[in-house]
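S.K.: One structure coming up, written as structure tokens, with questions to follow.
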Ligand SMILES: O=C(O)CCC(=O)C(=O)O
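In my numbering, the protein residues as written are 8 to 287.
Take a look at the structure:
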């Protein structure tokens, strides 16, 4: 007798189809479809949420910021040259504000976290040619129990500021893994066949549930650079949670922000990290 597909094979092919349908263009995915996709698979893609030219400008500014020696105190790891994370972007580049307060992103995020969401942090992630893949992980789960909550505690997002291809180091995600409510097995590799690269045209943004298993992919190209803007959102009851290098919003930045962004960041206005984050 011919063997039918396993549940796992069905889920993978369903996923491929969904990837293809979002690749047709932003207008084919409504907010409700994006919400349903994130709920079911753990992530969703909003294609071309900003124009490619705006993404190009932002990418150029971020490459320059990464090269600026004044930015070094805000690197997650100043010794990691190939995969660079630069924190505190809301202070460093006003062009990031439009992404942080993008109405479609906020609509999807508020569905999961409630109306009173907060921006946890905005950082840029430059993946250079030759950068290895990252470790597979969940987000902001350090203080959570072994059985992860069934209520989402974080929605994360990545703006593709250069085209995301598998070769350039697109983020890899294991669809539906947030439903397992546990961390990935120790030693799980980013090239595990259950993790799919989230590809798309620059200007697109994808969002994921903090409990989904994911990693940055390796950049296997010789000369292509991946730039992404990574903005995470917390519900108000998680608003003091912080990760290693998260930066406050400086008072002078906050004063200049439009009201929606002030609403999203009002819990973290300070000059220094020590003023608002607990010491670990
Ligand atoms: O840079 C990437 O593609 C992944 C980022 C990531 O893993 C994270 O923000 O938790």
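Even glycine gets a Cβ: it sits at the ideal position worked out from N, Cα and C.
All of these numbers come straight from a predicted model, not from anything done at the bench.
How about residue 50 and residue 161: are their beta carbons less than 9 Å apart?
M.R.: The count along the chain shown starts at 1 and reaches residue 50 at position 43. The count along the chain shown starts at 1 and reaches residue 161 at position 154. No, they are not a contact pair.
S.K.: Would you mind working out which of 38, 95 and 60 sits nearest residue 258, comparing C-alpha positions?
M.R.: Residue mapping note: residue 258 aligns to position 251 of the chain shown, counting from 1. Of the listed residues, the one whose Cα sits closest to residue 258 is 95.
S.K.: Residue 102 and residue 238: beta carbons closer than 9 Å?
M.R.: For the purposes of this step, residue 102 is taken as the residue at position 95 of the chain shown. For the purposes of this step, residue 238 is taken as the residue at position 231 of the chain shown. Their beta carbons are not under 9 Å apart, which means residue 102 does not touch residue 238 by this criterion.
S.K.: Would you call the stretch 134–153 in contact with the stretch 195–202, where contact means no fewer than 3 C-beta pairs closer than 8 Å?
M.R.: Yes, they touch.
S.K.: By a C-beta neighbour count over all protein chains shown, 10 Å radius and 16 as the cutoff for buried, is residue 77 buried or exposed?
M.R.: Position 70 of the chain shown, counted from the start, is the residue given in the question as residue 77. Per the 10 Å Cβ criterion, exposed.
S.K.: Have a look at the DSSP bridge pairing and note the partners of residue 116.
M.R.: The residue you call residue 116 lines up with position 109 of the chain shown. Note: residue 116 sits in no beta bridge, so no partner.
S.K.: Answer yes if the stretch 176–186 comes into contact with the stretch 115–127, meaning at least three C-beta pairs across the two stretches below 8 Å, and no otherwise.
M.R.: With a cut-off of 8 Å, the stretch 176–186 and the stretch 115–127 do not count as touching, because too few Cβ pairs lie within range.
S.K.: Taking 8 Å as the cut-off, is the CB of residue 239 close to at least one heavy atom of ligand 1?
M.R.: The sequence position of residue 239 within the chain shown is 232, counting from 1. Because some heavy atom of ligand 1 lies under 8 Å away, the Cβ of residue 239 counts as near it: yes.
S.K.: Out of curiosity, what's the CA-to-CA distance linking residue 212 and residue 104?
M.R.: Looking up residue 212 in the chain shown gives position 205. Looking up residue 104 in the chain shown gives position 97. Cα to Cα, the separation comes out at about 14 Å.
S.K.: Cβ-heavy atom distance between residue 176 and ligand 1 below 8 Å?
M.R.: Taking the first residue of the chain shown as 1, we reach residue 176 at position 169. Within the cutoff, so yes.
S.K.: Work out the CA separation of residue 210 and residue 261 for me, nearest whole Å.
M.R.: Within the chain shown, residue 261 is the residue found at index 254, counting from 1. Within the chain shown, residue 210 is the residue found at index 203, counting from 1. Roughly 25 Å between the two C-alpha positions.
S.K.: Within a Cβ cutoff of 8 Å, which residues of the same chain sit near residue 251, ignoring the five residues on either side of it in sequence?
M.R.: Counted from its first residue, the chain shown places residue 251 at position 244. Once the five neighbours on either side are set aside, the close Cβ partners of residue 251 are 83.
S.K.: What's the C-alpha gap between residue 285 and residue 163?
M.R.: Taking the first residue of the chain shown as position 1, residue 285 is located at position 278. Taking the first residue of the chain shown as position 1, residue 163 is located at position 156. Rounded to the nearest angstrom, the two C-alpha atoms are 22 Å apart.
S.K.: Whose C-beta lies closer than 8 Å to the C-beta of residue 99 among residues of the same chain, with five residues either side of it excluded?
M.R.: Stepping through the chain shown from its first residue, residue 99 is reached at position 92. If we look at residue 99 and ignore the five residues flanking it on each side, its Cβ neighbours are 72, 78, 81 and 93.
S.K.: Using CA coordinates, which residue listed in 244, 167 and 281 is at the minimum distance from residue 132?
M.R.: Along the chain shown, read from residue 1 onward, the residue named residue 132 stands at position 125. It is 167.
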